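Student:
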C-alpha cells in the first residue's frame, strides 16, 4: 500500500472521529497544535488506524504519535513484512 | 433530630481479606492482593494482573435470596452488609424496616451479565439470554438486592459515580439521616472484576504490568480490582444508648465536578482541590486539624502528581505534615468499592490511631514529595481523617471522618 | 419540609412528542401517541415491535455544529435537554461564571448500548482494538460527565440509578441539596435511550405489550385489557434553584418542589401486599414532607404504564395513602403516549404537570375504556379534563421495587 493511500485512510479516520472535514486536515498536521485534539482523541485515532490496517502498535509506539506523519510511519512500519 | 451521624459497623470484601479484622490486619502488614487474573483469559492483552477477591463463598452470606441468581457485585454487597451489621451488633429484626435504608455506589454494576449478553450476541445465541437479564443487570439491583435480603424497606439509592461512588453513597446516606428520613443506613460501594473495565483501562495504557506503586517515581499505572465496603451509619444518640462501639463520626463531605475531560483530571487538580475545600468547610475542619489523608492514589503517573498538587494548594505548609497513604498499592483499584473501603480504613484509623502504609514506594518522585507513609504502617493520633476519590466524568468527592467530641 | 424553598425556573425536554414543555403538553392533550414501529434497530424475533422512538434525533439542532463524536446517544439527549433547560431558565454562560450550576441526572442504563458495543468489538476484533473513546462512555455517570463538559457545569454533579424511579429520585436528591444549602442552582432530571440491548431485556421478561394491531392501540394504563408497557426514550431536566436566588435574578418561577418520598418494595413487585404498602409509604412521606393532607392533592400523574400488576398496585397504594379519598382525584398516565421512558419518565411527568398547572388541562389516557371493579380512580379518563391544580402528585414506580413520589406546587400568582 502506498504512503498516500495510508495517509488518506488515516485522514478518513480523523474525519470520522473528530468531525473535522477531510479536506481541512493538513497532510502533515500536528494533532495537538494544528487540530487541537486531546490525548484520548489521539489515542482513538491511533487505535482506529490499527484496526483499519490490522496492525498492533506497542504501547511505547502509541505514546510517540503526535502527528499524521507519525501515524502513517507507524502503520507502514508494521505493515512492511520483515525481510527474511 | 440528631445531626451527628456515626459509624458503628464495618463490613468489607477485599482482595486481601473478607471481614474487617482480617482486612485491617493484612493491610497494616502491607500484604498484597495483586496476582495473575483468574476471572478470564488475559493472553490477548498486554497486561495480566489484577486484584481479585479470593475464596469468596456467597452462600455464607446470602441467606434469604438465592445466591445463584445474583450477580457477583450484589453478592459482595450483601456479604459486606451482613458483616457490617454483625460488626455493629445490630439485631436486624429489631429495626423499623421502613426507616432502614441502603445507599450504594458502583462503577460497572453487574458487568458479567452484560458480558454474558455480548458473548451470546457474538456467537449468535441470543436465545440463551432469558428474562433474568433485566432482573440481574441494571446497576440498581445491587442496592435492591441488599434491601431485599435484609428486608429494608426505606430509602434505597444507587449512585454510579464510577471510582468516587463509595464516597458519594456515604455522603448521600449522611444527608438522608440528617434529614431524619432513616434511623439506620447501610452505605458503601461494590464492584465485581470486569472484562469490560480491564479491557478499557488496558487500552488506555493505564494498567501497570506488575505492581501498583502510588507516588513512586517509576510508577506505571493502576491495577484493576474488585470488592465491596459497607458502613453502618446511625445517629450518635441512638448508638450510644444501645452501647454500640463507635468507630468515628461522619463529619461532612464535599463534591465537585471538573467539567474538563472524561478520563483526564483537570490539569491543575482544581476539581480535586474544590472537593477537599468543600469537605473542610462542611465539617468545620481547619487544615491543621487533619491528621491523615486516604489518597485516591491509583498509581498512574498523572493522578498521583495532580493529587499531590491539589493537596499542596489547599493545605499549603500543612501538606508536608499530614501522612497520606494509598491502599490501592495493596488491593488495587476496586472501582466503586474503592472509596467505600477507603472510608472504612479512615474509620479504623480514627478508632485505632494507626494508618496503613503506601506499599512499593521505593524511589521518591521529586514531584510527589509529601509523607506517603512509605512501606510501613504507623501509629499516631488520628482525630480527623480525609478520604479522597476522583472519577471518570470529573466526579470528585472528599469525606471527613473524625473522633471529635466522641472522645467525651 | 425544612430548609430553603426549592423552586423551578425552567425546563428542557427532548421527546418524541416535542422538544419544549408546551409542545409536549400540546401533543399529550391531542392524544398523540409516540408508540410506533421501531426504526433504530431491528425487532425481528422479538415479541413487541413498537417503541416511543425519537425519530431523526439530531443533537446539533440544540448544541450547534460542534464535534459530538465523543458523545453517545444518551449523552446527546442529556446535553440537548440541558441546553434547552438553561435557555428556558435564562441561565446564560456569563451568569454561570458568577454562580455555578450543577447537574443531578437519573438514568437506569446510561448507555448499555455503548457498553455492549465496546465489549463486542473487543470480543470480535481483540482487546487491542477496543475503542478508547467508547470506553469513557461505558461508565454510568458518562452522560452527566459529558454534559458537564459541554455546558461547563462545575457545581455538584451526581448520577442516580434506581431503575424507573431514577429521574424523580434525582429531582429529590437535588431538592435536598438546595434545601440544605449545599447548592443553589441545579439541573435535575433524567434520561434513557432506546436501544436493542435494554429493549431485548424488557421484551424477554414479558414486560412489553403485545400488539400486532396498528401502532397506538397499546399501552393502555389502568384499562382492564392492558397487557404491558412500551419502551420509550428521551431526556427531561428541570432547573431547580433556591427561591432567594431565583427572586434576586428576576427569574420566572414555574412552580415549587414541596415534598418527596421514597421507599423500597422488598418483594420486588412479587407480593401485592408489600408492593401496595411501599407505594403507600412513598406517597405518605411526600405528603408529610409537603405538610399536605390528602384532600389538598389536586391531581395525580401516575407512573402506570400498562403493566398488569404494576398499575393495580399503584392505584391501591395511592388509595391507601389518600385514606380512600381518590374518587374525585383527576388522574393522568402519560406513559400511555410516551411509553416507559425509564430515567426520563418522572421528569417528563413533572414537565407535563407544570404545563397542566399553567393551562388547566390534564391530558386524558387514550383508549381507556374499561376498568376493573372497585377501581379507585373514577377520574382517570380517556378524554382531557379541565383542572385547577395547586398541588400535583407525581409517582415513579419501578417494576422491581423502587417507589418515589414528588409533589409540585403551582407558582404563586
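Protein chains in written order, with the working numbering: chain P, 12 to 95; chain U, 270 to 677; chain V, 246 to 658.
In this text, a Cβ means the ideal position worked out from N, Cα and C, and glycines have one as well.
If you're wondering where the values come from, they're calculated on a predicted model, not measured in any experiment.
Using the Cα positions of residue 334 of chain U and residue 420 of chain U, report the straight-line distance between them to the nearest angstrom.
Tutor: Each residue's Cα considered, the two are about 11 angstroms apart.
Student: Let me confirm a value: residue 589 of chain U is counted as buried when at least 16 other C-beta atoms fall within 10 Å, else exposed. Which label applies?
Tutor: Exposed.
Student: Identify the contact partners of residue 427 of chain U in chain V, using a Cβ-Cβ distance below 8 angstroms as the criterion.
Tutor: Those are 405, 406 and 407, listed as they occur along chain V.
Student: Which residues in the same chain have their Cβ closer than 8 angstroms to the Cβ of residue 308 of chain V, if we skip the five residues on either side of it in sequence?
Tutor: Within the same chain, residue 308 of chain V has close Cβ partners 321, 324, 325, 328 and 395.
Student: So, does the CB of residue 444 of chain V fall closer than 8 angstroms to a CB anywhere in chain U?
Tutor: It does not: the Cβ of residue 444 of chain V has no partner Cβ on chain U nearer than 8 angstroms.
Student: What does a CB cutoff of less than 7 angstroms around residue 461 of chain V pick up in its chain, not counting 5 residues either side in sequence?
Tutor: Confidence is the limiting factor: at residue 461 of chain V the pLDDT is only 47, short of 50, which leaves the residue's position unreliable, though a coordinate-based value still follows. Closer than 7 angstroms at the Cβ level, and outside the excluded window around residue 461 of chain V, lie 278 and 280.
Student: Is residue 639 of chain V helix, strand or coil when you go by DSSP?
Tutor: In the structure shown, residue 639 of chain V sits in a strand (DSSP, three-state: E or B).
Student: Helix or strand or just coil, what does DSSP make of residue 248 of chain V?
Tutor: Three-state result, residue 248 of chain V: coil.
Student: Assuming residue 274 of chain V is part of the alpha helix (DSSP H), what are its boundary residues?
Tutor: Element bounds for residue 274 of chain V: 266 to 274.
Student: Verify whether the separation of the beta carbon atoms of residue 632 of chain U and residue 487 of chain U is less than 8 angstroms.
Tutor: Cβ atoms of residue 632 of chain U and residue 487 of chain U: closer than 8 angstroms.
Student: Nearest CA to the CA of residue 454 of chain U: which residue from U/521, U/471, U/502 and U/298?
Tutor: Of U/521, U/471, U/502 and U/298, the residue nearest in Cα terms is U/502.
Student: DSSP on residue 632 of chain V, reduced to helix/strand/coil?
Tutor: Coil at residue 632 of chain V, not helix or strand.
Student: Which whole runs of the beta strand (DSSP E) in the stretch 335 to 415 of chain U are 3 residues long or more, in chain order?
Tutor: 369 to 374, all fully within the stretch 335 to 415 of chain U.
Student: Any residues in the stretch 39 to 71 of chain P with a beta carbon nearer than 8 angstroms to a beta carbon of chain V? Which ones, in chain order?
Tutor: From the stretch 39 to 71 of chain P, only 51, 52, 54, 55, 58, 59, 61, 62 and 67 have a Cβ closer than 8 angstroms to chain V.
Student: Enumerate, from N- to C-terminal direction, the unbroken beta strand (DSSP E) stretches of 3 or more residues contained entirely within the stretch 335 to 403 of chain V.
Tutor: With a minimum length of 3 residues, the continuous beta strand (DSSP E) runs that stay inside the stretch 335 to 403 of chain V are 347 to 351.
Student: Which residues, in order along the stretch 523 to 535 of chain U, keep a beta-carbon less than 8 angstroms from a beta-carbon of chain P?
Tutor: So the close ones are 530, 531, 532 and 533.
Student: Please list, in chain order, all residues of the same chain as residue 471 of chain V whose beta carbon is under 8 angstroms from its beta carbon, the five residues on each side excluded.
Tutor: Within the same chain, residue 471 of chain V has close Cβ partners 454, 463, 464, 465, 551, 552, 553 and 556.
Student: Quick one: which residues of the stretch 404 to 415 of chain U get their C-beta closer than 8 angstroms to a C-beta of chain V? List them in chain order.
Tutor: Within the stretch 404 to 415 of chain U, the residues whose Cβ lies closer than 8 angstroms to some Cβ of chain V are 404, 406, 407, 408, 409, 410, 412 and 413, listed in chain order.
Student: Report buried or exposed for residue 495 of chain V, applying the criterion of at least 16 other Cβ atoms within 10 angstroms of its Cβ.
Tutor: That one is exposed.
Student: Short check: CB of residue 496 of chain U to CB of residue 626 of chain U, under 8 angstroms?
Tutor: No, they are not a contact pair.
Student: Strictly under 8 angstroms for the Cβ-Cβ distance: is residue 360 of chain V near chain U by that measure?
Tutor: Yes, its Cβ sits closer than 8 angstroms to a Cβ of chain U.
Student: Taking all protein chains shown into account, do 16 or more other C-beta atoms lie within 10 angstroms of the C-beta of residue 77 of chain P, making it buried, or fewer, making it exposed?
Tutor: Exposed: under 16 other Cβ atoms inside 10 Å.
Student: Span of the beta strand (DSSP E) holding residue 458 of chain U?
Tutor: 453 to 460 is the span of the beta strand (DSSP E), which, as asked, contains residue 458 of chain U.
Student: Measure from the C-beta of residue 24 of chain P to each C-beta in chain V and report whether the shortest distance is under 8 angstroms.
Tutor: Output row for residue 24 of chain P: interface = no.
Student: Report the partner residues of residue 561 of chain U according to the DSSP bridge assignment.
Tutor: Paired residue(s): U/654.
Student: For a contact defined as C-beta to C-beta under 8 angstroms, what are the partners of residue 367 of chain U on chain V?
Tutor: By Cβ distance, chain V contributes 508 and 526.
Student: Answer yes or no: does any C-beta atom of chain P fall closer than 8 angstroms to that of residue 312 of chain V?
Tutor: Closer than 8 angstroms to some Cβ of chain P, the Cβ of residue 312 of chain V qualifies, so yes.
Student: Taking just the CA atoms, how far does residue 640 of chain U sit from residue 251 of chain V?
Tutor: Taking the straight line from one Cα to the other gives about 44 angstroms.
Student: Just tell me which of V/534, V/452, V/657 and V/422 has its CA closest to the CA of residue 506 of chain V.
Tutor: When each option's Cα is compared against that of residue 506 of chain V, the closest is V/534.
Student: Spell out whether any CB of chain U is found under 8 angstroms from the CB atom of residue 459 of chain V.
Tutor: Confidence at residue 459 of chain V is low in this model, with a pLDDT of 44, below 50, so the placement of that residue should be treated as unreliable; the coordinate-derived value is given next. It does not; no Cβ of chain U falls within 8 angstroms.
Student: Would you mind telling me which residues of chain P sit closer than 9 angstroms to residue 474 of chain U, beta carbon to beta carbon, in chain order?
Tutor: The contacting residues are 54, 70, 73 and 74.
Student: Suppose the cutoff is 8 angstroms on Cβ atoms and the five residues either side in sequence are ignored; what does the same chain contact list for residue 21 of chain P look like?
Tutor: For residue 21 of chain P, where only same-chain residues beyond five positions count, the Cβ hits under 8 angstroms are 56, 60, 79, 82, 83 and 86.
Student: Compute the Euclidean distance between the alpha carbons of residue 515 of chain U and residue 670 of chain U, then round it to the nearest angstrom.
Tutor: One C-alpha to the other measures close to 12 angstroms.
Student: Determine the burial state of residue 90 of chain P: buried for a count of at least 16 other Cβ atoms within 10 Å of its Cβ, exposed for fewer.
Tutor: The residue is exposed, with fewer than 16 neighbouring Cβ atoms inside 10 Å.
Student: Taking residue 525 of chain V as part of the beta strand (DSSP E), name the residues at either end of that continuous run.
Tutor: No beta strand (DSSP E) contains residue 525 of chain V, which is instead part of the alpha helix (DSSP H) from 517 to 535.
Student: Starting from the C-beta of residue 443 of chain U, find all residues in its chain whose C-beta is less than 6 angstroms away, skip the five residues before and the five after it, and write them out in chain order.
Tutor: Excluding sequence neighbours, residue 443 of chain U sits near 274 and 519.
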